[in-house]
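Asker:
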Amino acid sequence: MVLMVSANGAAETLTLAPDFIKGGQAMKSVFDLLDRRTEIEPDELDSTSAPETLRGEVEFKHVDFAYPSRPDSQIFRDLTLRARAGKTLALVGPSGCGKSSVISLVQRFYEPTSGRVLIDGKDMRKYNLKSLRKHIAMAATLANAHKFISALPEGYNTWVGERGIQLSDDGKVVEQGSHSHLLKHYPDGCYANMIQLQRFGNGSQGIVPGSSSSMGGERKV
Numbered sequence: 001m002v003l004m005v006s007a008n009g010a011a012e013t014l015t016l017a018p019d020f021i022k023g024g025q026a027m028k029s030v031f032d033l034l035d036r037r038t039e040i041e042p043d044e045l046d047s048t049s050a051p052e053t054l055r056g057e058v059e060f061k062h063v064d065f066a067y068p069s070r071p072d073s074q075i076f077r078d079l080t081l082r083a084r085a086g087k088t089l090a091l092v093g094p095s096g097c098g099k100s101s102v103i104s105l106v107q108r109f110y111e112p113t114s115g116r117v118l119i120d121g122k123d124m125r126k127y128n129l130k131s132l133r134k135h136i137a138m139a140a141t142l143a144n145a146h147k148f149i150s151a152l153p154e155g156y157n158t159w160v161g162e163r164g165i166q167l168s169d170d171g172k173v174v175e176q177g178s179h180s181h182l183l184k185h186y187p188d189g190c191y192a193n194m195i196q197l198q199r200f201g202n203g204s205q206g207i208v209p210g211s212s213s214s215m216g217g218e219r220k221v
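Okay, structure coming up:
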């Protein structure tokens with residue numbers, strides 16, 4: 001009788017062996033993650049603190065970039081651009097063309113594969129990252145987003161989820177109205193800027209602001 005009970009117990013234990021193995025592997029991956037040293041140290045001791053005042057000129061010089069998780073998918077190849085201090089630079093293009101990647105590199109979430117990103121003429125990798133990020137901000141007021149952000153339950157501290165998935169479509173709308181209304185009341189807004197960019201892209205064949213013959217109905221931006 002004792003042998004039968006012992007045998008049954010051993011058999012039940014063996015059926016759990018795959019779960020024990022999976023659990024051990026999961027724990028190893030957790031410890032590996034905790035022990036991993038980040039390639040971008042936010043508070044590196046040998047780095048120089050960013051000065052109290054920065055002009056804010058940003059320059060990309062011959063930047064190549066691919067995300068570490070997709071090294072074979074090139075995002076930038078020999079990208080060179082310059083955003084002058086105090087000026088507005090528009091990054092325009094279809095989804096996936098690299099607009100957000102430019103911002104990620106400026107915030108130094110990633111490093112370029114090659115090339116340099118300069119802040120006021122100095123390689124941003126020379127600056128202490130924590131002190132540098134204190135100078136980086138998103139201009140919500142200029143984007144007409146401050147009002148609806150302030151109306152959220154926790155204001156700017158509201159958790160909206162990755163890529164803003166917890167915001168409703170209305171919560172993502174910055175401007176709303178007809179073509180003529182948006183151009184009249186938001187002459188420097190997102191919609192007016194998009195129309196202006198469309199005119200530049202199409203040359204003389206672009207849509208003329210104020211003309212609603214081909215732009216009927218309500219617009220949301």
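Residue numbers (full-length UniProt numbering): 1 to 221.
Ideal placement from N, C-alpha and C gives every residue a C-beta, glycine not left out.
Bear in mind that the values here come from a model prediction, so they are computed numbers and not experimental data.
#1: Count the other CB atoms within 10 Å of the CB of S168; is the residue buried (16 or more) or exposed (fewer)?
#2: Count the C-beta pairs between the segment 68-80 and the segment 51-58 that are closer than 8 Å, then say yes if the count reaches three, no if not.
#3: Kindly list the residues whose CB is nearer than 7 Å to the CB of D19, restricted to its own chain and excluding five residues on each side of it in sequence; keep chain order.
#4: Within the same chain, show all residues whose beta-carbon is closer than 6 Å to that of R116, passing over the 5 residues directly before and after it, in chain order.
#5: Alpha carbon to alpha carbon, how far is K28 from T15? Give it in angstroms, no decimals.
#6: I'd like to know if the segment 105-114 and the segment 146-153 are in contact, where contact means that at least 3 CB-CB pairs between them fall below 8 Å.
#7: Could you check where the beta strand (DSSP E) with F60 kicks off and where it finishes?
#8: Between H181 and E39, what straight-line distance do the alpha-carbon atoms span, to the nearest angstrom?
#9: Enumerate in chain order the residues of its own chain whose CB-to-CB distance from D43 is below 8 Å, with the five nearest sequence positions on each side excluded.
#10: Note down, in chain order, each residue of its chain lying with its Cβ closer than 6 Å to the Cβ of K22, except the 5 sequence neighbours on either side.
#11: Enumerate in chain order the residues of its own chain whose CB-to-CB distance from Y156 is below 7 Å, with the five nearest sequence positions on each side excluded.
#12: Can you list, in chain order, the residues of its chain with a C-beta nearer than 7 Å to that of G171? Leave out the 5 residues immediately preceding and following it.
#13: Do F65 and S101 count as a contact pair if the criterion is CB distance below 8 Å?
#14: If you draw a straight line from the C-alpha of I165 to the C-alpha of V63, how long is it?
Answerer: The short version:
#1: For S168, the predicted structure reports a pLDDT of 47, less than 50, and the residue's modelled location is therefore unreliable. A value from the coordinates is still provided. With fewer than 16 Cβ atoms within 10 Å of its Cβ, S168 is classed as exposed.
#2: no
#3: So the list is empty, once near-sequence residues are dropped.
#4: K61 and D123
#5: 22 Å
#6: no
#7: V58 to F65 is the extent of the beta strand (DSSP E) around F60.
#8: 49 Å
#9: N128, L129 and K130
#10: none
#11: I149
#12: Note that G171 has pLDDT 47, beneath the 50 cutoff, so the model's placement of it is unreliable and no number is given.
#13: The answer is yes: Cβ separation under 8 Å.
#14: Per-residue confidence for I165 stands at a pLDDT of 48, beneath the threshold of 50, marking its modelled position as unreliable; the derived number appears in the next sentence. The alpha-carbon atoms of I165 and V63 are separated by roughly 31 Å.
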